[in-house]
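Trainee:
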Amino acid sequence: MPKKLAHDPTYGYDPETRTVRVDQHHLARLLLMFRSLMRVQPPGRWRHMDDYDLSFERLADAVDASSQIRYGKRWTGPDLRMRCTTTEAAYEWPTGAPYDGEATLTWMVPGYGSHATKDESFRGVTHKALCGFSWEKDDRPRRMEGLPECPECRREVQLGADRPRGAW
881 MPKKLAHDPT YGYDPETRTV RVDQHHLARL LLMFRSLMRV QPPGRWRHMD
931 DYDLSFERLA DAVDASSQIR YGKRWTGPDL RMRCTTTEAA YEWPTGAPYD
981 GEATLTWMVP GYGSHATKDE SFRGVTHKAL CGFSWEKDDR PRRMEGLPEC
1031 PECRREVQLG ADRPRGAW
């Protein structure tokens, strides 16, 4: 019967929490490599904020959070090189989002936090947030100021504000 290896903290894996510790530098380099490879894919191969893309965006959130703590007042904001690109190269983009140059509004949905939407002119039965979250008209969201609480919606708003379409 094979011997069970003892937990080795040098690899940074904690079996109790199922988490892996990785140096910030190595994670950032991995993300940059993923983005470089993604940009050379055939057009429309990736759907924005689906599957792998959403996972890599969350890893980029972790790198940005650690950078903000590490650099403090010297932090200049998120490293957009690790984020989705607004070029037409690889993504199939949804319509009516901030990267189309339109203003967004933040709505507080009771029990579901605040989300960003394209505009105030809701037509139809359901409303849809930039992150894909939808709610019924009867849920009575209320408009609020500032960025949404939803990390995906906030990322979309920042993406549109920081980089015009076609920029890296």
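Going by the working numbering, the sequence shown opens with residue 881, and the numbers climb by one from there.
Even glycine gets a Cβ: it sits at the ideal position worked out from N, Cα and C.
Where does the unbroken beta strand (DSSP E) through Leu985 begin, and where does it stop?
Mentor: Start and end: Leu985 to Val989.
Trainee: Count the other CB atoms within 10 Å of the CB of Leu911; is the residue buried (16 or more) or exposed (fewer)?
Mentor: Answer is buried; the Cβ neighbour count reaches 16.
Trainee: Taking all protein chains shown into account, decide if Thr984 is buried (16 or more other Cβ within 10 angstroms of its Cβ) or exposed.
Mentor: Under this definition Thr984 is a buried residue.
Trainee: Is the CB-CB distance between Val1037 and Phe1013 below 9 Å?
Mentor: No, Cβ-Cβ distance for Val1037 and Phe1013 is not below 9 Å.
Trainee: Which residues does DSSP pair with Trp1015 in a beta bridge?
Mentor: Trp1015 is bridged to His1007.
Trainee: Would His995 and Cys1033 be called neighbours here (beta carbons separated by less than 9 Å)?
Mentor: Cβ atoms of His995 and Cys1033: closer than 9 Å.
Trainee: Under 9 Å, do Tyr992 and Arg927 count as touching if we go by C-beta distance?
Mentor: Not a contact, by the Cβ cut-off of 9 Å.
Trainee: Just to check my reading of the structure: Met1024 and Thr986 have Cβ atoms closer than 8 Å, yes? What is that Cβ distance to the nearest angstrom?
Mentor: Met1024 to Thr986, Cβ: 5 Å. Contact.
Trainee: Which term fits Asp930, buried or exposed, when burial requires 16 or more other beta carbons within 10 angstroms of its beta carbon?
Mentor: Exposed: under 16 other Cβ atoms inside 10 Å.
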